[in-house]
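I have placed the structure first, in the form of structure tokens, so that the comments after it can refer back to it.
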Amino acid sequence: DRNDKPTTAESGYYFLQSPTVETARPHSNLQIPAKTQNDQPIDILKIRKDFPILSQKVNGKQLVYLDNGASSQKPQQVIDAIANYYKEINANVHRGVHTLSQLATDAFEAARAKIQQHINAKESYEVILTSGTTHSINIVANGFSNMLKVGDEILISALEHHSNIVPWQMLCERTGATLKVIPMNLDGELLMAEFDSLLNPNTKIVAVNHVSNALGTINPIRYIIAEAHKGGAAVLIDGAQSVAHIKPDMQELDCDFYTFSAHKICGPTGTGVLFGKEEWLNKLLPFQGGGEMIKEVTFEKTTYADLPYKFEAGTPNIAGVVGFGAAIDYLNEVGMDAIAQQEEEILKYATAELLKIPELKIWGTAQEKVSVISFNVGNLHPYDIGTILDNSGIAVRTGHHCAQPIMNFCKIPGTVRASFSFYNTIEEVDLLVKAILKAQKMLS
Ligand code: PLP
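Just so we're aligned, residue 2 is where the sequence shown starts under our numbering, counting upward by one.
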């Protein structure tokens, strides 16, 4: 076990290039800033060569991967970082004096420092390494177990993923607090006047996503954070769907918690982040007990380690975290401004082309949205469309997208969701449109 805080070691194992510092894209604002020095247009063909899976055939057809909202593909740089970790320095972290253990610890902590820099967290120990967004939100919800009572309120939104609903329901069951919901409209936007009136002195926690996974809406989180803070509520932002498109700045946003998963941003599965402000993390109960998270253990009493280790019980996903660091490097090399610009173009083109398909309805027409398009075609079942698209090598998501309340609100069983990444092309949009027309013909 280790009791001290991580250093912001520069000595990371895989960090061959220092990350380019990007100009953050303004949140909740799809205006793309004029070109910055790091804002070179993307060379898509070159970028696609970094992703071995994209040259695969599926069902005899060239893969068209449009399920990036569920999980992104991984560039060779990330795959190599993970393989090299296992080939060259694999050992447990924070425990040994031997060389490999120290190299592994350096690589692990250097990845934490990279994440800290990427999200502009004030301290590296405010970056808790978790298994993903779901784990991160559960850490926070569990951590409040002894801070809430009957009469207290937790405010979430109608646009949440089940991961940002169920942990709060469980917290309400444990404490007697009440769950309240900011309603939405049929464009997929939150009703902010309702938010204003739902906020009250009993509101202790506000938990909303930055971007809706089902509809792509970018929520006005700056306003939500500022208003919630006026009454002293803690604010958690679920960034699972935003980080692939928007570089979040913790100090500027001023949220209390921000959560995301590496696998949505070209990193591996099984690792993610809970950012928390130091003062809040110190107040939360630890989620899991075990090795790494203690200062001292006797049979009578255990004292907990300092941040971030208090929330990192057990052997972490070390290779995954190293891969996470490599993914952050990769995104910064491509450039978040350039990514935003590419995705904005593909969103515009895909929206216009899809709307030419007779009877196709797009769900999620918010003013501010990312490159996610949820749709239905007449009365055709999303699964049937998804299956026919798969036969054409096109991967989309179908169903409720872990957001059943949104589907209930829209009175639909589910949608087909095409979620685009910076490595998708206009030609792939054309293939999607062609395959939907084919599905429509086959199913009608
Ligand atoms: N929140 C949102 C908005 C999501 O889109 C997802 C996953 O799709 C999650 C939370 C859960 O993320 P994970 O499954 O990586 O824990």
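All C-beta atoms, glycine included, are put in the ideal place defined by N, C-alpha and C.
Because the structure is a prediction, the values reported are computed rather than measured.
query	result
Span separating the alpha-carbon of Ile-437 from that of Lys-150	51 Å
Thr-135: CB within 8 Å of a non-hydrogen atom of ligand 3	Inclusion of ligand 3 in the displayed structure is not the case, the ligand content consisting of ligand 1 alone.
Any non-hydrogen atom of ligand 1 closer than 8 Å to Ser-158 Cβ	no
Among Thr-176, Gly-61 and Ile-140, nearest to Val-449 - alpha-carbon criterion	As displayed, the chain neither begins before 2 nor continues past 445, which places residue 449 out of reach and without an answer.
Length of the line joining the Cα atoms of Thr-176 and Glu-89	48 Å
Helix, strand or coil at Pro-27 according to DSSP, with G and I counted as helix	Confidence at Pro-27 is low in this model, with a pLDDT of 29, below 50, so the placement of that residue should be treated as unreliable; the coordinate-derived value is given next. The answer is coil: DSSP assigns Pro-27 none of H, G, I, E or B.
Ser-132 - DSSP class collapsed to helix/strand/coil	coil
Stretch pair the region 213–222 + the region 364–378: three plus CB contacts closer than 8 Å	yes
DSSP-derived helix/strand/coil call for Phe-261	strand
Those residues which DSSP pairs with Asp-239 across a bridge	Asn-210 and Thr-260
Tyr-331 versus Cys-267: straight-line alpha-carbon distance, rounded	8 Å
Distance, Phe-276 Cα to Asp-257 Cα	8 Å
Burial state of Ser-56, where buried means 16 or more other Cβ atoms lie within 10 Å	exposed
heavy atom of ligand 1 below 8 Å from Cys-256 C-beta	no
Spatial neighbours of Phe-325 in its chain, beta-carbon cut-off 6 Å, leaving aside the 5 residues before and after	Ala-112, Ala-263, Gly-268 and Thr-272
Nearest-angstrom Cα separation, counted from Pro-317 out to Ile-43	34 Å
Residue-chain proximity (Thr-366, chain D), Cβ-Cβ < 9 Å	The structure shown contains no chain D; it is built from a single protein chain.
As assigned by DSSP and simplified to three states, the class of Ile-363	strand
Contact check, Asp-129 vs Pro-406, beta carbons under 9 Å	Strictly speaking, residue 129 in this sequence is Ile, with Asp absent from that position. Against a cut-off of 9 Å, the Cβ pair of Pro-406 and Ile-129 comes out as no contact.
Completely contained beta strand (DSSP E) runs for the region 72–136, where each covers 3 or more residues	128–131
Through-space distance from Ser-158 to Arg-96, alpha-carbon basis	42 Å
Pairwise C-alpha distance: Met-185 and Lys-62	39 Å
Gln-170 beta carbon near ligand 1 (any heavy atom closer than 8 Å)	no
Residues bridged to Met-185 [DSSP beta-bridge criterion]	Leu-191
Distance between Ala-314 and Glu-124 (C-alpha atoms, nearest Å)	20 Å
Counted within 10 angstroms of its Cβ, other Cβ atoms place Ile-222 as buried (16 or more) or exposed	buried
Beta-carbon separation (whole angstroms), Ile-386 vs Thr-399, contact threshold 8 Å	7 Å
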